[in-house]
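Below is one structure, written out as structure tokens; comments come after it.
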Amino acid sequence: MSHAQQRYEALVRAYTPDLYRYAYWLCHSKSIAEDLVQDTLLRAWKNLSQLQEAKAAKAWLLTILRHENARRFERKQFEYSDVEQDSLEDLHQSPEQSVATDRLHRLILGLPQDYREPLVMQLLLGMTGDEIATVLQLNLNTVNTRLFRGRAQLRARLQPEAAGVPSHG
Amino acid sequence: MDKLSLRRALYEDPRSVSAEELLDQPQLQQLQQELQALDDNLRQQLAIEVPPQLVERVLLNQRMLPMQKRWYQRPLPYATAAALLVSVLYWQQPLQNGPTDLGQHALSHVYHEMAALRAEALLSQADISPMFSQLGIHAEFPVPVRYARFCDFDGVRSLHLVLDIDGAAVTLFVVPGSAQPGLITPEQIEPAQFADARFFGQAVTKLQHRLVLVAEQPQLLAATSAMLEKSLRFNI
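Going down the list, the protein sequences come from chains A and B.
Read in my numbering, the first sequence has 1005 at position 9, and its numbers run on one by one without any break.
Read in my numbering, the second sequence has 1192 at position 84, and its numbers run on one by one without any break.
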């Protein structure tokens, strides 16, 4: 097996789960998420020489995936009729747990994408504000404002009787 | 940091504020706890289940990549082999009946993706249904599906599946005719057969779609065709 092939396989095994989950929260569909991951990793293979440092791999792959998602909209090839069914799948839970997690799942999906994306990067992928800013091509203050507003909206919607969304931000 | 800045910092990242900074701020301490609990719930919810075998499918597609080049982009031995295959198919014209282009393309596609015939992943109904629904088809297979992927089939984005029929691999291409006006011509409405030295195939038209089957044993085509009649419902 060539060195490039070994390097690529290590990359695929390390990052496929995170890429798939990130793609799902980006496009709301499991089948489209899988296509996005396939397209992202095939493009990564073709451009593997561009990746110089292992620590840059996650941000590099996420950038490719976001470009592939943008290309998807340009091609207008996909349909969205299966979004609801995809997003509501939940397994092995009691009815009470299921209702609670369905609600949180819907609330995450209901967040504006500008707020959802940095939250997913921070909570799911463990990225710092600076790393998120690099991938999203934003400054750190904007990323922090979006994290603030995303959490505030979720908290307010989960506790409608509470004080509500903080106005500062 | 003043109270407002601390509050903002907590919403940006609850873990970024230390307990010392909140010593005299019971309301903010409670807010930190609530936000950390919210983050825990969000992390659980965000970590959706990853399809089994996804890594293997990615690696399979990557390994097949060099073989997806056009024949004229390949080294001479490959071009020679491609020319030989075309010749063999030409001299086997009596075996064929109908759209030779479609049959030749199906056979070439199968040869190019031989690894798909050896795929062992068992895909679930939940994996398959969304792919078919993109083509306006409802599918419910009583047999295992080992491979499913959208492919370029002669310039048309089509579904490529490998079904397990009594332990043997049968390839099914679902080619949406509506994606390429003129793909389905009047003479292609009738069922057509094709074959080469190894594989047998048949193509049938269902509303706007061409269903192309390829198998190593001809009797598998009839069995699969009968199964598809009951398993597929065409909405468009």
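We treat Cβ as the ideally placed atom computed from N, Cα and C, and that holds for glycine.
Owing to the predicted nature of the structure, the values given are computational and were not obtained by experimental measurement.
Measuring CB to CB, does residue i end up less than 8 angstroms from residue j?
{"i": "B/H1317", "j": "B/V1283", "result": "yes"}
{"i": "A/Y1020", "j": "A/A1029", "result": "yes"}
{"i": "A/L1143", "j": "A/P1114", "result": "yes"}
{"i": "B/L1131", "j": "B/L1118", "result": "no"}
{"i": "A/L1100", "j": "A/G1146", "result": "no"}
{"i": "B/G1244", "j": "B/F1308", "result": "no"}
{"i": "B/R1254", "j": "B/A1276", "result": "no"}
{"i": "B/P1122", "j": "B/D1147", "result": "yes"}
{"i": "B/L1269", "j": "B/L1321", "result": "no"}
{"i": "A/A1040", "j": "A/L1007", "result": "yes"}
{"i": "B/P1252", "j": "B/S1339", "result": "no"}
{"i": "A/A1170", "j": "A/V1131", "result": "No answer is possible for residue 1170 of chain A: it lies beyond the span of chain A, which begins at 997 and ends at 1165."}
{"i": "A/Y1004", "j": "A/L1038", "result": "no"}
{"i": "B/F1261", "j": "B/M1239", "result": "no"}
{"i": "A/T1012", "j": "B/V1264", "result": "no"}
{"i": "B/E1128", "j": "B/M1109", "result": "no"}
Under three-state DSSP, which class holds residue i?
{"i": "A/G1165", "result": "Unreliable placement is indicated for A/G1165, whose pLDDT of 44 sits below 50; the coordinate value is still reported in the next sentence. Three-state result, A/G1165: coil."}
{"i": "A/I1128", "result": "helix"}
{"i": "A/H1024", "result": "coil"}
{"i": "B/S1232", "result": "coil"}
{"i": "B/P1122", "result": "helix"}
{"i": "A/D1035", "result": "helix"}
{"i": "B/P1326", "result": "helix"}
{"i": "B/Q1301", "result": "strand"}
{"i": "B/L1243", "result": "coil"}
{"i": "B/L1131", "result": "coil"}
{"i": "A/L1100", "result": "helix"}
{"i": "B/L1321", "result": "strand"}
{"i": "A/S998", "result": "coil"}
{"i": "A/E1030", "result": "helix"}
{"i": "B/N1169", "result": "helix"}
{"i": "A/N1065", "result": "helix"}
{"i": "B/E1248", "result": "coil"}
{"i": "B/M1335", "result": "helix"}
{"i": "B/Q1212", "result": "helix"}
{"i": "A/G1106", "result": "helix"}
{"i": "A/L1047", "result": "coil"}
{"i": "A/D1014", "result": "helix"}
For the alpha helix (DSSP H) that residue i lies in, which residues bound it at each end?
{"i": "A/G1146", "result": "1136-1154"}
{"i": "A/V1116", "result": "1109-1119"}
{"i": "B/P1160", "result": "Taken as a continuous stretch (DSSP letters only), B/P1160 belongs to no alpha helix (DSSP H), as it is neither H nor E."}
{"i": "A/A1052", "result": "First-last for A/A1052: undefined, no H or E at that position."}
{"i": "B/L1150", "result": "1134-1154"}
On the DSSP letters alone, give me the boundaries of the beta strand (DSSP E) that residue i sits inside.
{"i": "B/R1254", "result": "1253-1261"}
{"i": "B/Q1310", "result": "1308-1314"}
{"i": "B/A1224", "result": "Careful: B/A1224 lies outside any beta strand (DSSP E), inside the alpha helix (DSSP H) at 1222-1225."}
{"i": "B/P1284", "result": "1276-1284"}
{"i": "B/D1272", "result": "1264-1273"}
{"i": "B/F1342", "result": "1340-1342"}
Identify, in the order they occur along the chain, each residue of the same chain with its Cβ nearer than 7 angstroms to the Cβ of residue i, setting aside the five sequence neighbours on each side.
{"i": "A/R1153", "result": "L1103"}
{"i": "B/S1124", "result": "A1117"}
{"i": "B/Q1161", "result": "A1229"}
{"i": "B/Q1176", "result": "Legend: pLDDT at B/Q1176 = 47, less than 50; position of this residue unreliable, value from coordinates given subsequently. Contacts found: H1220."}
{"i": "B/A1214", "result": "F1281, G1309, V1320, V1322"}
{"i": "A/L1087", "result": "Only weak support exists for where A/L1087 lies, its pLDDT of 38 falling under 50; the coordinates are left without a value."}
{"i": "B/D1272", "result": "V1251, P1252, R1254"}
I'd like the list of long-range same chain contacts for residue i, defined as Cβ closer than 6 angstroms, with 5 residues on each side in sequence excluded.
{"i": "A/Y1111", "result": "R1142, R1145, G1146"}
{"i": "B/S1113", "result": "none"}
{"i": "B/H1217", "result": "none"}
{"i": "B/L1210", "result": "A1311"}
{"i": "B/E1248", "result": "S1339"}
Excluding five sequence neighbours on each side, which residues of the same chain lie with their C-beta closer than 8 angstroms to the C-beta of residue i?
{"i": "B/K1111", "result": "Q1133, L1136"}
{"i": "B/A1223", "result": "L1168, R1171, M1172"}
{"i": "A/L1061", "result": "L1015, Y1018, A1019, L1022, L1032, V1033, T1036"}
### Query
Do the stretch 1113-1125 of chain A and the stretch 1147-1165 of chain B make contact, defined as three or more Cβ pairs closer than 8 angstroms?
yes
### Message
With a threshold of 8 angstroms, are at least 3 pairs of Cβ atoms found where one atom belongs to the stretch 1232-1243 of chain B and the other to the stretch 1323-1338 of chain B?
### Response
no
### Message
I'd like to know if the stretch 1030-1043 of chain A and the stretch 1123-1143 of chain A are in contact, where contact means that at least 3 CB-CB pairs between them fall below 8 angstroms.
### Response
no
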